[in-house]
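Notes follow the structure.
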Amino acid sequence: MPLFRDFPRLSPRLGAVALAALTLCAAPLSGCRDLGDPSASIASISQPLPTDEAGLRAYADDWGKRYDANPGAKVASINYARALRALTRYGEAAAVMQAAAVKSPQDFEVLGAYGKALADSGQFEQAKEVLGRSYTAERPDWTIMSVQGSVADRLGDHQAAQKFYNDALKIAPGEPSVLSNLGLSYALTKDLPDAEASLRQASASPRADARMRQNLALILALEGKFAEAQTISRQDMSEQAASANVEAIKQMIAQSDSWRDLQTGAIKPRHAKLAAPGPAPTNSAAAAAPAAAAGAPLALSLPPS
């Protein structure tokens, strides 16, 4: 199945299509690696989630019982919500964290987890407000800043999104999840050269995942660098599937406004001529990253939850 089968023309609809995939990690937070929460002060919160579904369900059941015994308790709420999000039960996760936020309205860790759960469930305006209260200027949290950028992109404020990403990168230089998000934000504003540069940097990281590489392949194909796009796609799928992806893009853009814009110079790639190809899991989704990538044209990456 072609990876980019649903990607339409860049002008004027690139933003709409990319935004459709910006569900905060393409499969919200469940599509990101779990590296633990670097801001967590409680060891039991920062433990990685299980990487298999059976283990994840057992983890959710265990923490669900602890939560039921004391609704709103910080550690139980955060861990239960993490598991629910990993299982794509986003509304339930938001409800769990709402109870915790009512009980601990000034706790930054609780507010951060609540904001992420709201973003997962599509409540972007509320997520924006909650995330803005989840850290201070004196103690900034790059993981939250990256989520704020994702939310801003979903709300159409790409300038604000890019500022959040760049601020996050000042704290966590080279972080691939943030670089990947920044690249996709550039793509939303039709800035393909900068999108490519950010996604190249993200994909070069040892911690890059299939989503980041496939997003880079998409941008390269949109710039006319089909051979390189196919080479990158082959890192995570068969040669036949990679070829099908690139051919699908070629067929779509051959008759689209985006391709005509690129050919006439309305959008100018800075890295290569169009006709000549040039030389970014919180959970169980880590093992399924290639499969997840095959289901979405643009996939946002979230930092640790």
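Numbering (this note's numbering), first residue to last: 85 to 389.
Idealized CB from N, CA, C, for every residue including glycine.
Inset, instruction - Measure the Cβ-Cβ separation of lysine 274 and leucine 239 and say whether it is below 8 Å. - result: In the sequence shown, the residue the question calls residue 274 occupies position 190. In the sequence shown, the residue the question calls residue 239 occupies position 155. Taking 8 Å as the Cβ cut-off, lysine 274 and leucine 239 do not qualify as a contacting pair.
Inset, instruction - Note the first and the last residue of the continuous alpha helix (DSSP H) segment covering threonine 227. - result: Locating residue 227 in the sequence shown gives position 143, counting from the first residue. First-last of the alpha helix (DSSP H) with threonine 227: 226-238.
Legend entry - arginine 173, DSSP secondary structure in three states: Within the sequence shown, residue 173 is the residue found at index 89, counting from 1. Looking at arginine 173 - three-state DSSP - the assignment turns out to be coil, as it is neither helix nor strand.
Inset, instruction - Assign alanine 178 to one of two classes, buried (16 or more other C-beta atoms within 10 Å of its C-beta) or exposed (fewer than that). - result: Indexing the sequence shown from 1 puts residue 178 at position 94. That one is buried.
Inset, instruction - Leaving aside the five residues before and after alanine 165 along the sequence, list all residues of the same chain whose C-beta is less than 7 Å from its C-beta, in chain order. - result: Counting from one through the sequence shown, the residue named residue 165 turns up at place 81. Excluding residues within five positions, the ones whose Cβ falls inside 7 Å are Ala177, Val180, Met181, Ala197, Ala201.
Legend entry - Alpha-carbon to alpha-carbon, leucine 133 and aspartate 251: Counting from 1 along the sequence shown, the entry for residue 251 is found at position 167. Counting from 1 along the sequence shown, the entry for residue 133 is found at position 49. Approximately 28 Å, taken between the alpha carbons.
Inset, instruction - Under 6 Å Cβ to Cβ from serine 287, same chain only, skipping five residues before and after it: list those, please. - result: Locating residue 287 in the sequence shown gives position 203, counting from the first residue. The residues are Met296, Arg297, Leu300.
Legend entry - Cβ pair isoleucine 255, proline 290 closer than 8 Å: If you number the sequence shown from 1, residue 255 lands on position 171. If you number the sequence shown from 1, residue 290 lands on position 206. No, the Cβ-Cβ distance between isoleucine 255 and proline 290 is not below 8 Å.
Inset, instruction - Could you tell me the boundaries of the alpha helix (DSSP H) in which alanine 338 lies? - result: Translated into the one-based positions of the sequence shown, residue 338 becomes position 254. Segment 323-338, the alpha helix (DSSP H) holding alanine 338.
Inset, instruction - Output the distance between the C-alpha atoms of glutamate 280 and alanine 326, rounded to the nearest integer angstrom. - result: By 1-based counting over the sequence shown, the position of residue 280 is 196. By 1-based counting over the sequence shown, the position of residue 326 is 242. Cα-Cα distance, rounded: 19 Å.
Legend entry - alanine 221: CB within 7 Å of a non-hydrogen atom of the ligand ZN: This structure does not include the ligand ZN; it has no bound ligands of any sort.
Inset, instruction - Assign serine 205 to one of two classes, buried (16 or more other C-beta atoms within 10 Å of its C-beta) or exposed (fewer than that). - result: Here residue 205 is taken as the residue at index 121 of the sequence shown, counted from 1. Flag for serine 205 reads buried.
Legend entry - Distance CB(alanine 185)-CB(valine 231) smaller than 8 Å: What you label residue 185 is simply residue 101 of the sequence shown in a count that begins at 1. What you label residue 231 is simply residue 147 of the sequence shown in a count that begins at 1. The answer is no: Cβ separation not under 8 Å.
Inset, instruction - Give a yes or no on whether the minimum CB-CB distance between arginine 173 and chain B is below 8 Å. - result: Judged by its chain identifiers, the structure shown contains no chain B, having just a single protein chain.
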